[in-house]
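Novice: Below is a structure I'd like to ask you about.
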Amino acid sequence: MGFFSKLFGLDKEQKTIEVEPVEYEGYLIYPEPISEGGQFRIAGRICKEIDGEVKTHTFIRSDLLGSRQDAETFMLNKAKMFIKQNGEGMFGH
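All residue numbers for the sequence shown refer to UniProt numbering, where the first residue is 1 and numbers rise by one.
Dropping the structure here:
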């Protein structure tokens with residue numbers, strides 16, 4: 001069953017991929033595209049330490065792209081724009 005589960009995408013275990021964050025204006029951006037049907041959904045996290053506590057904003061967009069690299073690049077650009085527009089307000093301050 002293991003072979004068929006993996007073949008048809010039924011394998012419940014997801015491979016964990018270590019993501020190197022990109023620093024931008026004091027924030028750490030973690031691009032974490034989600035594989036879906038041969039494409040990649042744009043997703044990731046934006047983190048920042050505020051008053052000794054690491055705050056995290058996680059997002060998933062509806063956009064699907066053909067490669068992991070394209071999804072990571074798009075996510076980084078969107079995250080930078082989101083940081084410029086919202087700043088620390090994204091964490092609910």
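All C-beta atoms, glycine included, are put in the ideal place defined by N, C-alpha and C.
Return helix, strand or coil for Gly44, following the three-state DSSP convention.
Specialist: Looking at Gly44 - three-state DSSP - the assignment turns out to be strand.
Novice: So Ile29 and Phe74 are in contact, right, with Cβ under 8 Å, and what is the actual spacing, rounded?
Specialist: Actually they are not in contact, since the Cβ atoms of Ile29 and Phe74 sit about 12 Å apart, beyond 8 Å.
Novice: What is the rounded straight-line gap between the Cα of Ile60 and the Cα of Glu36?
Specialist: Each residue's alpha carbon lies about 13 Å from the other.
Novice: Can you look up Asp51 in the DSSP assignment and give me helix, strand or coil?
Specialist: In the structure shown, Asp51 sits in coil (DSSP, three-state: anything other than H, G, I, E or B).
Novice: Just mark Ile83 as buried or exposed, buried being the case when its beta carbon has 16 or more other beta carbons within 10 Å.
Specialist: Label assigned to Ile83: buried.
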